[in-house]
Amino acid sequence: MALNIILLFLGTIIAFWISAICGGGASLILIPILNLLLPSSVVPFSLTIGSFTSSVSRISVFKKHIKWQIFFWFVPFSIPAVLLGAYLIKYINPNYLQLIVAFFLIANLPELFKTNKIKQENQKPYSKFLLAAIGFFAGFISGITGAIGLLFNRFYLRFGLKKEEIVATRAANEVFLHLIKLIIYISLGLYSSTALWLGMTIAAATILSSYTVKYILPYLSEFLFKKIGYGAMVFSGILLFIGTSDKIIQQDKISLSSSHKTSESESVISWRNTDFIIEFAFDDGFEVERPIQSDELPNILKEKYNSLKNQYDAIHIEKVFSFGQQPTYEFYCYRKNLMIRKLEI
Numbered sequence: 069m070a071l072n073i074i075l076l077f078l079g080t081i082i083a084f085w086i087s088a089i090c091g092g093g094a095s096l097i098l099i100p101i102l103n104l105l106l107p108s109s110v111v112p113f114s115l116t117i118g119s120f121t122s123s124v125s126r127i128s129v130f131k132k133h134i135k136w137q138i139f140f141w142f143v144p145f146s147i148p149a150v151l152l153g154a155y156l157i158k159y160i161n162p163n164y165l166q167l168i169v170a171f172f173l174i175a176n177l178p179e180l181f182k183t184n185k186i187k188q189e190n191q192k193p194y195s196k197f198l199l200a201a202i203g204f205f206a207g208f209i210s211g212i213t214g215a216i217g218l219l220f221n222r223f224y225l226r227f228g229l230k231k232e233e234i235v236a237t238r239a240a241n242e243v244f245l246h247l248i249k250l251i252i253y254i255s256l257g258l259y260s261s262t263a264l265w266l267g268m269t270i271a272a273a274t275i276l277s278s279y280t281v282k283y284i285l286p287y288l289s290e291f292l293f294k295k296i297g298y299g300a301m302v303f304s305g306i307l308l309f310i311g312t313s314d315k316i317i318q319q320d321k322i323s324l325s326s327s328h329k330t331s332e333s334e335s336v337i338s339w340r341n342t343d344f345i346i347e348f349a350f351d352d353g354f355e356v357e358r359p360i361q362s363d364e365l366p367n368i369l370k371e372k373y374n375s376l377k378n379q380y381d382a383i384h385i386e387k388v389f390s391f392g393q394q395p396t397y398e399f400y401c402y403r404k405n406l407m408i409r410k411l412e413i
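Quick note, the sequence shown lines up with residues 69 to 413 if you use my numbering.
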């Protein structure tokens, strides 16, 4: 554990340096690391301790650069949303939301190839109404995952803020969210002693990072600052996608198998002990088959099932979906572990 804490401390300093340069993203960089050390449900607690400390220290360093107009539209709408998100964390698997966040981050890839001239011509600031909506969604996602960082960095860039203004305004917008989340996580019991120690490690590293990064920003141009920001979004999205998808595959026991016959090809996707069969035949086209229970059958087919079940040891039922057609059903009738009959209805 001591080695993990040292590595996390050093990694956090670098991550929050990158975060300040990019306008955010340290939390999304740290999520894959914390996923290796903690259960998913308490990762947001550790992240929030560090993020809260980082916001406070950045406000103290860059307070004169805060854009209060954005602050007064963002915060009032984000606070109820973060309450909702933190409450729903007990009922929503954060891994799936992290996967969605990863796709949004990777979607910023085209921004890396835009020239400075094109970006200046296309850049239009968002309305105040949209800013309020951004605040709401930022709070909601932050409440569930413990991080919003780079996901909403794009919107700050579109407001035409300077690099110091982005760092300062984001910190002011998010400091209240992080404090509220900490209170909610503790009240819901979504923490552990290990998560606390790792969070304190992140917090100490963020303070050091915040007070040293002010010597780095003056050496970056505004265009380079934005390019690095978009690059970090894409890179963090790829890391988050790899780490989160691996956890989902293990957690939900997702697997894929395929077989090929003379006239058809069949792939079986297993998810949470349920099989989805994708079949392609030259004469029938694509079909998706899902195993179902007898009580899911239409009433007219339940009668057919009841008339057959006493004749066989077991009957497996699949619902078949075909493009542009009504669903059909297949009965696989077994006796002594051998399939004796197949009915397509």
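Quick reminder that beta carbons are idealized off the backbone N, C-alpha and C, glycines included. Quantities reported herein were computed from a predicted structural model and do not represent experimental measurements.
DSSP-derived helix/strand/coil call for residue i
i, result
"L178", "First, the amino acid is wrong: residue 178 is Pro here, not Leu. Reduced to three states, the DSSP call for P178 is helix."
"K410", "strand"
"P144", "helix"
"I383", "strand"
"F389", "strand"
"T183", "coil"
"P107", "coil"
"Y397", "strand"
"I284", "coil"
"A83", "helix"
"F354", "strand"
"Y253", "helix"
"Y402", "strand"
"P366", "coil"
"K196", "helix"
"N190", "At N190, the pLDDT of 47 sits below 50, so the modelled position is not reliable; the number obtained from the coordinates is stated separately. In this structure, N190 counts as helix in the three-state DSSP scheme."
"I134", "coil"
Alpha-carbon to alpha-carbon, residue j and residue i
i, j, result
"E357", "F399", "12 Å"
"T224", "I97", "Before going on, a small fix: residue 224 reads as Tyr here, not Thr. So the two alpha carbons sit approximately 19 Å from each other."
"A236", "I117", "18 Å"
"L106", "W265", "11 Å"
"I89", "I252", "30 Å"
"F291", "L229", "12 Å"
"T269", "I73", "7 Å"
"I408", "P359", "18 Å"
"L307", "F244", "28 Å"
"S304", "F172", "11 Å"
"V129", "W136", "16 Å"
"A175", "K410", "46 Å"
"V47", "F354", "For residue 47 there is no data in the structure shown, the boundaries of the chain being 69 and 413."
"V150", "A239", "16 Å"
"F391", "P148", "43 Å"
"L276", "T80", "10 Å"
"Q166", "I127", "27 Å"
"P395", "K370", "15 Å"
Exposed unless 16 or more other CB atoms sit within 10 angstroms - verdict on residue i
i, result
"P144", "exposed"
"H133", "buried"
"H246", "buried"
"F208", "buried"
"Y287", "exposed"
"N374", "exposed"
"L258", "buried"
"I234", "buried"
"E189", "With a pLDDT of 43 at E189, under the threshold of 50, the modelled position of that residue is not reliable, and the figure given next carries that caveat. With fewer than 16 other Cβ atoms within 10 Å, it is exposed."
"P112", "buried"
"K231", "buried"
"K249", "buried"
"S362", "exposed"
"Q393", "exposed"
"S146", "buried"
"Y283", "exposed"
"E242", "buried"
"N378", "exposed"
"I168", "exposed"
Integer-rounded CB distance, given that residue j should sit under 8 Å from residue i
i, j, result
"T274", "F84", "5 Å"
"I99", "L75", "Their Cβ separation, rounded to whole angstroms, is 15 Å, which puts I99 and L75 out of contact at 8 Å."
"Y279", "S125", "7 Å"
"L152", "G211", "7 Å"
"W141", "A200", "5 Å"
"I385", "L365", "7 Å"
For residue i, the nearest candidate out of the options (CA to CA)
i, options, result
"K315", "S109, T280, L292 and L177", "S109"
"K182", "F354, Q361, L167 and K295", "K295"
"I368", "K135, I254, S260 and I413", "I413"
"A70", "A240, T262 and L285", "T262"
"F227", "F139, S277, L177 and V281", "F139"
"L406", "Y397, D381, E371 and L256", "D381"
"S119", "S87, I101 and K131", "S87"
"I310", "Y164, F197, F293 and A94", "Y164"
"A94", "M301, I254, F197 and L104", "M301"
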